[in-house]
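Accompanying notes for the structure given below.
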């Protein structure tokens, strides 16, 4: 906007003060002089360009992501993601808390699939403590994680369609999510932040309600997920809007440190469950689905394939589930050996890792969290310029970032 | 009554307008009472009657406009309810089910809610334009109603340029959308307004060209004339003579009314709410109303142009006469004899029971006697309506109204169905579709129709 309105407005700094309105106070320009060359270049507008502020409150920035778009008409020239609106300093909080409390602090990081964000610090602590987790506990962990992966992927499919303007698929996605969440609530007592993993095992054994719900769901899950996807899978508009959009090639994917579905959609079969096996995954049969195209549509199809594989894994876990204790015997106050440990798992969004340092006390000395959403989200800056405003949403949704993990 | 306790300079603009009007009404009422008491009123009434009789055209026009303005409100309410409920059922939700039976009053309460909300103007907005924009959008939709033939003889104004008027007035809405987008001082609004302008102006062209075939066939631009041309059986409807034209028209109409998959003007996942982002309260309500009135309008125009308007798909009167049930609109109750007594004795209880039973059966919390009371009230409303229609309208008009609304609401439901099913297209795909596919197809349609007319004339003459 080049013309400044003549009226006076209330100052943003002091509500009692009336100031002339320079039009720029409504613009997405930061209130300080540019600090880097990139910033100076980005906020300098050429003729016909304007900045538009996408978020932190916007219907389709998942959570509180803020993206400043520089647009020329409908075409995105450049963009600048502004992170940190959900920053809570989880890594620092963990340094000041007991090893057991780390679980509940890491829980809300990936709040759509929080089984994974609580499993990783637990695994790192187990490595430091040299604990052997009972086999039944390992199987229960895999079962809970795979269920959570399906619920997360089902929601992803709905969200992608919602950001493309389809109202219905998200509610079909929520059918699966609802049933799985009820199931996990029967197992863990909570629906969103489960707080189920414990150092050396899990919090509670499988119970009757969980198993009966799981049995009901398993009997129709595969058919129903297949069925509900017919609404968007062969939809001409959906395919036209996602195919060939946001294409990532293999070199870029590796250079940008992608993992999870965005990486596998480029044809690289990297999955932590196979590459660096943990828990009981070596004993289970499953495939790593990949796609060659690397576009939004490939990412969408990949999520469908992964749901099928997860159902297959759950099937095997239920058949192989051994008897035995569900947690190792550990003292109440944990003092791991001084040292470092790295634990990584495959979360629905990619490689989720924790690098923990212990100084021998009952608190972690350092706890560094590697969240895949953060790395996947970085590619938005590469993919979006040159596309239209509407495509920005399709690309962001197909990368599936969870802001709780990005901002930590 | 807070306006009465305020000094004049603290009143809002609306108050300053309404308060003198209230005083004027009070004075007029007083004058009326005094006039009736003292005698000059009959003279004034005669004078008024003569004036009305002398200017019947104008009076009829004003009456039609008022009726249409009033018609738009329930129409919008019904379509909003329909959309909420149908999409909810598609989404495996319940939808509105609290206010009124099956939630039918939900949309009316949405209307009241919108009325009660703060009417907010953002800083930096261009206030006169910002205020005027919703009125322009709404009036553009409402004015287009004027030429719609609802039933034989039931049309606001039977213009011989009806179709031209419809498109001319209907496309005024774009001006309002542009005004809203520009004056809001918001970039999402600006994008929405520009998208609206580009989209609606582009789709205006295939929309208008697709009906040239119909105009060639009928030789008239009057909507009433077009409907009359299609009378007979359903095989005379233009959808069978202009299938391509119908298809183009329907797609372009969906874009013209900004319905999914062409709802880019208010794409909530991209540009928040488009041109309506900064609007609140009843100003937003007018945009909302205009959208749904547009849906009805475009469905109605589809029906009028391609599906025979108020024509029945088969000759209902003829079929009834065949089986011995001739319906005579000029029926005199005295001729019925004993049948009249039987009718009075039997019909009301049966109808009351028929109305009460579903309410009692489907609502477990309603006792049977309460259901009977509701049934009685509903019967009264229906009977009054039927009597009034019998007194003022002919059988053809009632039948025509029923067919017209039934066909129109089929298309309304199709629009809602599309919204529940399809994602949104992108701006460039939208434009490409209009200029690369719809426009050539519409031109081909005109060419084929014109050639066919010439060939048929050659053969016949």
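Residue numbers (this note's numbering), protein chains in the order written: chain P, 1 to 408; chain W, 1 to 461.
Note that CB positions come from ideal geometry on N, CA and C, so glycine has one too.
Simplified DSSP state of residue i, which is helix, strand or coil
| i | result |
| --- | --- |
| residue 133 of chain P | coil |
| residue 242 of chain W | coil |
| residue 194 of chain P | coil |
| residue 18 of chain P | strand |
| residue 398 of chain P | helix |
| residue 148 of chain P | helix |
| residue 273 of chain W | coil |
| residue 1 of chain P | No answer about residue 1 of chain P holds up, because its pLDDT of 44 lies below 50 and its placement is not dependable. |
| residue 262 of chain W | coil |
| residue 149 of chain W | strand |
| residue 47 of chain W | helix |
| residue 6 of chain W | coil |
| residue 349 of chain W | helix |
| residue 309 of chain W | coil |
| residue 365 of chain W | coil |
| residue 88 of chain P | coil |
| residue 75 of chain P | strand |
| residue 121 of chain P | helix |
| residue 388 of chain P | strand |
| residue 34 of chain P | coil |
| residue 162 of chain P | helix |
| residue 134 of chain W | helix |
| residue 247 of chain P | coil |
| residue 1 of chain W | Only weak support exists for where residue 1 of chain W lies, its pLDDT of 47 falling under 50; the value from the coordinates is given anyway. Coil at residue 1 of chain W, not helix or strand. |
First and last residue of the uninterrupted alpha helix (DSSP H) at residue i
| i | result |
| --- | --- |
| residue 110 of chain W | 106–116 |
| residue 211 of chain P | 208–228 |
| residue 163 of chain W | 162–170 |
| residue 35 of chain W | 13–38 |
| residue 237 of chain W | Looking at the DSSP string, residue 237 of chain W is not in any alpha helix (DSSP H), and its letter there is neither H nor E. |
| residue 277 of chain P | Neither: residue 277 of chain P is in no alpha helix (DSSP H) and is coded neither H nor E. |
| residue 105 of chain P | 99–106 |
| residue 169 of chain P | 169–188 |
| residue 236 of chain P | 236–242 |
| residue 77 of chain W | 56–90 |
| residue 158 of chain W | No alpha helix (DSSP H) contains residue 158 of chain W, which DSSP labels as neither H nor E. |
Beta strand (DSSP E) segment containing residue i, residue limits
| i | result |
| --- | --- |
| residue 70 of chain P | 66–72 |
| residue 250 of chain P | Here residue 250 of chain P belongs to no beta strand (DSSP E); instead the alpha helix (DSSP H) covers 250–255. |
| residue 42 of chain P | Element bounds for residue 42 of chain P: not the beta strand (DSSP E) but the alpha helix (DSSP H), 37–43. |
| residue 53 of chain P | 49–54 |
Chain-ordered chain P contacts of residue i [CB-CB under 9 angstroms]
| i | result |
| --- | --- |
| residue 260 of chain W | 165, 166, 167 |
| residue 87 of chain W | 167, 168 |
Contact list for residue i against chain P, beta-carbon separation under 7 angstroms
| i | result |
| --- | --- |
| residue 9 of chain W | Under the 7 angstroms cutoff, chain P gives no residues; its nearest Cβ is about 21 angstroms from residue 9 of chain W. |
| residue 413 of chain W | Result: empty, since nearest Cβ-Cβ is about 16 angstroms, beyond 7 angstroms. |
Chain-ordered chain W contacts of residue i [CB-CB under 8 angstroms]
| i | result |
| --- | --- |
| residue 194 of chain P | By Cβ distance, chain W contributes nothing, its closest Cβ being about 26 angstroms from residue 194 of chain P, past 8 angstroms. |
| residue 100 of chain P | Neighbours of residue 100 of chain P on chain W: none; closest Cβ ~41 angstroms, over 8 angstroms. |
| residue 388 of chain P | 426, 427, 428 |
| residue 203 of chain P | Chain W residues near residue 203 of chain P: none, gap ~33 angstroms exceeds 8 angstroms. |
| residue 58 of chain P | 272 |
Residue nearest to residue i in terms of C-alpha spacing, selected from the options
| i | options | result |
| --- | --- | --- |
| residue 317 of chain P | P:73, P:142, P:39 | P:142 |
| residue 238 of chain W | W:449, W:319, W:127, W:11 | W:449 |
| residue 397 of chain W | W:413, W:312, W:353, W:341 | W:312 |
| residue 335 of chain P | P:125, P:204, P:252, P:370 | P:125 |
| residue 151 of chain W | W:407, W:181, W:28 | W:407 |
| residue 119 of chain W | W:439, W:281, W:364, W:323 | W:281 |
| residue 416 of chain W | P:43, P:123, P:166 | P:166 |
| residue 308 of chain W | W:297, W:400, W:371 | W:400 |
Partner residues on chain W for residue i, Cβ-Cβ distance less than 9 angstroms
| i | result |
| --- | --- |
| residue 50 of chain P | 187, 190 |
| residue 161 of chain P | 423 |
| residue 235 of chain P | 421, 422, 423 |
Beta carbon proximity, residue i to chain C, threshold 8 angstroms
| i | result |
| --- | --- |
| residue 240 of chain P | Considering every chain present, this structure includes no chain C. Its protein chains are P and W. |
7 angstroms Cβ cut-off: residues of chain W touching residue i
| i | result |
| --- | --- |
| residue 393 of chain P | 269, 270 |
Residues that residue i contacts on chain P, provided the C-beta gap is smaller than 8 angstroms
| i | result |
| --- | --- |
| residue 431 of chain W | The contacting residues do not exist; residue 431 of chain W stays about 10 angstroms from chain P at best. |
| residue 92 of chain W | 171, 172, 175 |
Residue i beta carbon near the ligand PLP (any heavy atom closer than 7 angstroms)
| i | result |
| --- | --- |
| residue 321 of chain P | Although the ligand PLP was asked about, the structure shown includes no ligands whatsoever. |
Sequence ranges, alpha helix (DSSP H) only - wholly within the stretch 196–221 of chain W, length at least 4: Listed in chain order, the complete alpha helix (DSSP H) runs (minimum 4 residues) inside the stretch 196–221 of chain W are 212–218.
Jot down the residue ranges of each uninterrupted beta strand (DSSP E) in the stretch 311–377 of chain P, minimum 3 residues, whole runs only, in chain order. 339–347, 350–358, 364–370
Can you give, in chain order, each stretch of the beta strand (DSSP E) that sits fully within the stretch 401–441 of chain W and has at least 3 residues? none
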